[in-house]
Amino acid sequence: MHYKTKTSSQSQHTIVFKEKVFDRIIKHIDLVAAAKMPNSELRLEIERFVLEYSEEHQSQVSRKELQDIINDILDDMVGLGPLEVLLKDSTISDILINSYDLVFVERFGKLFKTDIKFRDEKHVLQIAQRIAGQIGRRIDELSPMVDARLPDGSRVNIIIPPVSLGGASISIRKFQQQHIKLDDLVHYNSLSPQMRDFLKLAAEARLNIIISGGTGAGKTTLLNALSSLIDPSERVISIEDSAELKLLLPHVVRLESRPPNIEGAGLITIRDLLKNALRMRPDRLVIGECRGAEAFDMLQAMNTGHNGSMSTLHSNSTREALHRIENMLLMAGHDFPNLVVKSYIADAIDLIIHVVRMKDGVRRITQISVVEGLENENIKIEDIFLFNNISEDKGKIKGDFQFKEIPQALCEKIENHGAGTTLKNFLKTISP
């Protein structure tokens, strides 16, 4: 599958014209100086060079093409070059540059090869350095990796030679301005109306929730949607590696981790922030993603009165999510017996929601499971909802969202947390 931009319609003559006039411009206007010029002034200078070159060579390039060339050169000098057109497309969620002539995008859950090409590997490196410079970071052979957040909220990862063998590689996860709610996810067939109502009940009952899934499965989107259900009177502390959450609540404090500087100092980890957040009188904690030792502090918070806390992690199923959390707790450096670790997890977590990006690009909740405690020294987990009877029809994945049952112990917890009436209304509307 291909994604075409306006550059695909430019003739070879126009492309050559643009390259030659660009070479002339950078001989007269230094790129560092250009970055300091007002855009309107720089645009006039570029326009003058383009029109002069066109007249000198009696170019057959149309007026519209000349304007496109002016825009492209302006983007190249002070913007992000060929990436600008992709950044402006709201249907694109990810931009992936593998090499100067191999650029992919993700749209509607599927990957597309684009017609975007940089001039050469040096051009990609220039754009990578410009991105790093905009966020106050350095990228060179001594510091060949950057993982950060752009001013618009998008996440960017850059890796260059010598650790990237094929040249500079750039990955951008665009920040989605649209705030997606659970009703929207029902419309997208990501979950059923009954699942939506159950998750609303879970939020009201202040159940502790973990969202699991693979990369790009929609974990953060679902976490955002669930967070919007939190009572506006509650104080929420969000903690992230790169700020992606968009919590539309009146009482939110947002915290973001920080990498070390060039000298290796100044590191602030998710775990550092979690420990500090517990001193900030939170009602709930929302942790963007758990990857390591911070899982211990998260579970400690869930076990000590911060009910209704939420987080995400990478896994292939709800049960595997539990195994991953067990491994994370071992990273915390506490020499607990295995049974104590399992008991700690079972006491803290109420629900695990698993999301999957299907082959057709649709992101779906395939499991909502309840953690019921320990049974025969193992964590007992039961499915409340499942996506079953999966089949493929003309490239579309089909299946059924099936409700099983809500265990009695969970019903009692929901009632004890003050959501008994909502639970009764939910049970009236659903049938196994």
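Note that the working numbering has the sequence shown beginning at 11, numbered continuously upward.
Glycine residues also receive a C-beta, built at the ideal position from the N, C-alpha and C atoms.
Note that the structure is a prediction, hence the values are computed from the model and not measured.
Could you tell me the boundaries of the alpha helix (DSSP H) in which residue i lies?
i	result
Arg334	328-341
Asp282	280-287
Ala227	Here Ala227 belongs to no alpha helix (DSSP H), and DSSP marks it neither H nor E.
Ala142	131-144
Arg165	It is not in any alpha helix (DSSP H) - Arg165 instead sits in the beta strand (DSSP E) that spans 165-169.
Met155	Where Met155 is concerned, there is no enclosing alpha helix (DSSP H), although the beta strand (DSSP E) it sits in stretches over 155-159.
Glu66	49-66
Ile355	348-358
His197	192-197
Leu84	73-88
Cys421	418-426
In angstroms, rounded to a whole number, what distance separates the CA positions of residue i and residue j?
i	j	result
Phe413	Gln204	8 Å
Ser444	Gln68	Given a span of 11 to 442 for the chain in the structure shown, any question on residue 444 remains unanswerable.
Asp40	Thr322	46 Å
Ile182	Ser103	8 Å
Asp410	Leu420	24 Å
Ala44	Leu54	12 Å
Lys184	Ile107	14 Å
Lys74	Gln22	16 Å
Asp25	Glu131	It is Ile, not Asp, that sits at residue 25 in the sequence shown. Approximately 18 Å between the Cα atoms of the pair.
Val60	Leu76	7 Å
Lys30	Ile180	27 Å
Leu84	Thr328	49 Å
Asp111	Gly276	37 Å
Asp78	Gln144	25 Å
Asn398	Ile359	25 Å
Leu349	Phe436	35 Å
Val71	Ser64	8 Å
Gly298	Ala158	15 Å
Val262	Pro242	9 Å
Pro259	Val246	As written in the sequence, residue 259 is Leu, which differs from the Pro given in the question. When rounded, the distance between both Cα atoms is 8 Å.
Ile440	His427	21 Å
Ala138	Phe114	16 Å
Ile272	Leu93	28 Å
I think residue i touches residue j, with their Cβ atoms under 8 Å apart; what is that distance to the nearest whole Å?
i	j	result
Leu255	Thr231	About 10 Å; that fails the 8 Å criterion.
Phe382	Glu392	First, the amino acid is wrong: residue 382 is Glu here, not Phe. Right, their Cβ atoms sit about 6 Å apart.
Arg373	Gly228	4 Å
Ser319	Arg294	5 Å
Met312	Leu284	About 11 Å separates the two Cβ atoms, so there is no contact after all.
Ala303	Arg268	That belief does not hold up - the Cβ atoms of Ala303 and Arg268 are roughly 17 Å apart, past 8 Å.
Phe306	Leu339	5 Å
Gly224	Arg58	Between Arg58 and Gly224 the Cβ distance is about 51 Å, and since that is not below 8 Å, they are no contact.
His189	Asn234	7 Å
Determine the DSSP secondary structure at residue i, reduced to helix, strand or coil.
i	result
Gly315	coil
His23	helix
Ile35	helix
Ser100	coil
Lys123	strand
Leu295	strand
Glu116	strand
Glu382	strand
Lys390	strand
Asp181	Reading off the sequence shown, one finds Ser at residue 181, where the question assumed Asp. Three-state result, Ser181: strand.
Gln187	coil
Thr376	strand
Tyr13	strand
Ser202	coil
Phe397	strand
Asn218	coil
Asp403	strand
Apart from the five residues just before and just after residue i, which ones in its own chain have a Cβ nearer than 6 Å to its Cβ?
i	result
Leu135	Ala178
Val156	Ala142, Arg147, Ile149, Ile168
Ser401	Lys408
Ser325	Ser222, Ala331, Arg334
Ser202	Phe411
Pro270	Gly276, Leu277
Output the boundary residues of the beta strand (DSSP E) element that contains residue i.
i	result
Lys256	No beta strand (DSSP E) contains Lys256, which DSSP labels as neither H nor E.
Ser321	320-324
Lys363	For clarity, residue 363 is Ile in the given sequence; the question names Lys instead. Taken as a continuous stretch (DSSP letters only), the beta strand (DSSP E) holding Ile363 covers 361-367.
Phe411	406-413
Arg264	262-266
Glu250	246-250
Might you give, ordered along the chain, the residues of its own chain that have their beta carbon closer than 7 Å to the beta carbon of residue i, omitting 5 neighbours on each side?
i	result
Leu236	Leu209, Ala213, Ile219, Met320
Ser353	Leu384
Ile416	Ile394
Answer yes or no: the CB of residue i versus the heavy atoms of the ligand MN, is any distance below 7 Å?
i	result
Lys256	Absence of the ligand MN from the depicted structure is noted, as is the absence of any ligand whatsoever, leaving it without description.
In chain order, what residues of the same chain lie with their CB nearer than 8 Å to the CB of residue i, ignoring the 5 residues before and after it?
i	result
Gly430	Ile424
Ile56	Ile35, Ile80, Ile83, Leu84, Met87
Gln187	Ser100
Val173	Pro154, Met155
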